[in-house]
């Protein structure tokens, strides 16, 4: 159900002649990043921004430059959203040419109140994947040793086999474009993290009973599992662990000094905590980390360091100071070349190799998003305009896509833009989910009072709260995936009582029972979900898995 996831830090740069795909290093070790203009805004969910009213009437000066436009047109929007919704923390960065404007909002941990800054480190979830893709394609372009993207990965990963004997049809190119036909992972095992160096090899062995679910190369079908195999492939090609290979080939050349795929290497004084449930809380003792799924999801970074990564993809701007690393054009060209249609505009029209290619308001975008329990991320580039946005959050209820769109509107206010895509909502028009206030009453006064509060808020005219199921889903799925459904059982029960005809409510309830090992209850709930909506693919897949358990 995952959304479209202490070892010694490797030291030093790649050996001479093996410096990876980047042409120049950024800055010098220990020096501050002089390209980043940052500010800290420690606003909690119940704190007022102090400028909400005036912000909406302010006219943005298009000629003010990136920093002026962002300060006038974007930060007030985000401040207002954070101040009026149930938010832990987030960080946002906007890039234009080689100028970076970044800011933190809210808190790293609702328990401590420590503010988010542009340097705060977040778990990136699936935004990890383009980093892996860059390393793989770079290795293929360099050709030392020979890595053929169209050869069976079994040449490097012989322990990978499939029950249908079709493992030799799985290639790196198909894995990178999610067109291999591999299924996706059902349970990420966050509750039982695998920390040994052979975790990826063990994962490859563990899926020997899988079969391809579609013809390789025929269609897009998102598979996190494919990137675990790519991580193992990279480890074999480079002769070191996956995490060390990523540091040597990508992170170190960019001087992304704090960024790491190893959770134990994240500086504690910079780390953001995940938040799940509602009211939002840190699931003590649980975290979305295991080396078994490192390539698909465990990169930790900050918006500041991700901007270095972004600029590396851009062609140098006129008057460039020459201090930024740049990705080899041959590598970039392969990564962004569309392979297969996805059909999910605006960001995901097609997929290249590890990157989604789309169109936003008449300009091509290259992007990826991520969502794991307690974290969400969105990374978008408009290459032709050397512009991009990074949004990182430490909860699952942040509209990262809409924040990114608002940021692009501000950053590109001086260039022609077509109409906004369907489905994009102005942040100012987004009502708070009803789940927030109802969950507060549930925690304080119990289910009957919570039901009464829901009915009261639902009757307000004009509507002030979002009553959709999505708010309940955002508040519950993270805890369930962490194998901690006990954290949200009161909210799940309330959801099914308020919405007995909601297929999504019964799907989540069945999944929670499954994680608790209550298989009879899981089957009952999932059957109800399918009866209510026969097109509910999540419920159908979960029920099929439950029926296998009962055989």
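Numbering (full-length UniProt numbering), first residue to last: 1 to 551. Backbone N, C-alpha and C define an ideal beta-carbon position, used for all residues, glycine too.
Name the one or two DSSP bridge partners that residue i has.
i	result
residue 392	91 and 377
residue 360	363
residue 454	Residue 454 pairs with nothing; no bridge assigned.
residue 301	122
residue 225	In the DSSP output, where bridge partners are listed per residue, residue 225 has none listed.
residue 96	99 and 387
residue 276	281
residue 153	DSSP lists no partner for residue 153.
residue 465	432
residue 267	DSSP, once it has assigned bridges, lists no residue as partnering residue 267.
residue 64	Answer is none; residue 64 lacks a bridge partner.
residue 382	387
residue 115	107
residue 260	300
residue 171	152
I'd like the span of the alpha helix (DSSP H) that includes residue i, first residue to last.
i	result
residue 437	435-445
residue 136	129-142
residue 479	469-481
residue 490	489-498
residue 350	Careful: residue 350 lies outside any alpha helix (DSSP H), inside the beta strand (DSSP E) at 348-351.
residue 344	Taken as a continuous stretch (DSSP letters only), residue 344 belongs to no alpha helix (DSSP H), being part of the beta strand (DSSP E) at 340-344.
residue 148	Unbroken run through residue 148: none, as it is neither H nor E.
residue 248	Premise fails: residue 248 is in no alpha helix (DSSP H) and is neither H nor E.
residue 509	503-515
residue 76	75-84
residue 420	Residue 420 -> no alpha helix (DSSP H), and no H or E assigned at all.
Residue i and residue j look like a contact to me (Cβ under 8 Å); what is the Cβ gap, rounded to whole Å?
i	j	result
residue 507	residue 542	7 Å
residue 375	residue 122	6 Å
residue 595	residue 179	Here the chain comprises residues numbered 1 to 551, so residue 595 is not present and cannot be evaluated.
residue 273	residue 211	That pair is no contact at about 39 Å.
residue 249	residue 138	6 Å
residue 190	residue 286	7 Å
residue 86	residue 280	6 Å
residue 333	residue 342	Their Cβ separation, rounded to whole angstroms, is 20 Å, which puts residue 333 and residue 342 out of contact at 8 Å.
residue 407	residue 100	Not really, about 12 Å apart at Cβ, beyond 8 Å.
residue 127	residue 275	Not quite, the Cβ-Cβ distance comes to about 18 Å (not below 8 Å), so this is no contact.
residue 237	residue 145	6 Å
residue 331	residue 141	5 Å
residue 393	residue 90	4 Å
When you compare the CB positions of residue i and residue j, do they come within less than 8 Å of one another, or not?
i	j	result
residue 400	residue 377	yes
residue 200	residue 176	no
residue 372	residue 125	yes
residue 253	residue 313	no
residue 411	residue 108	no
residue 324	residue 256	no
residue 133	residue 354	yes
residue 539	residue 529	yes
residue 193	residue 168	no
residue 346	residue 360	yes
residue 160	residue 196	no
residue 432	residue 466	yes
residue 536	residue 478	no
residue 491	residue 278	yes
residue 311	residue 390	no
residue 450	residue 435	no
residue 173	residue 149	yes
residue 110	residue 282	yes
residue 501	residue 532	yes
So, is residue i buried or exposed, given that buried needs 16 or more other C-beta atoms within 10 angstroms?
i	result
residue 485	buried
residue 425	exposed
residue 226	buried
residue 300	buried
residue 544	exposed
residue 263	buried
residue 130	buried
residue 135	buried
residue 504	buried
residue 5	Note that residue 5 scores a pLDDT of 35, beneath 50, so its modelled location is shaky and nothing firm can be said.
residue 456	exposed
residue 213	exposed
residue 444	exposed
residue 243	buried
Give the range of the beta strand (DSSP E) segment to which residue i is assigned.
i	result
residue 101	99-106
residue 398	First-last for residue 398: undefined, no H or E at that position.
residue 202	Looking at the DSSP string, residue 202 is not in any beta strand (DSSP E); the run it does join, the alpha helix (DSSP H), is 199-206.
I'd like to know if residue i contacts chain D, where contact means its C-beta is closer than 8 Å to some C-beta of that chain.
i	result
residue 537	Among the chains in the structure shown there is no chain D, since it carries only a single protein chain.
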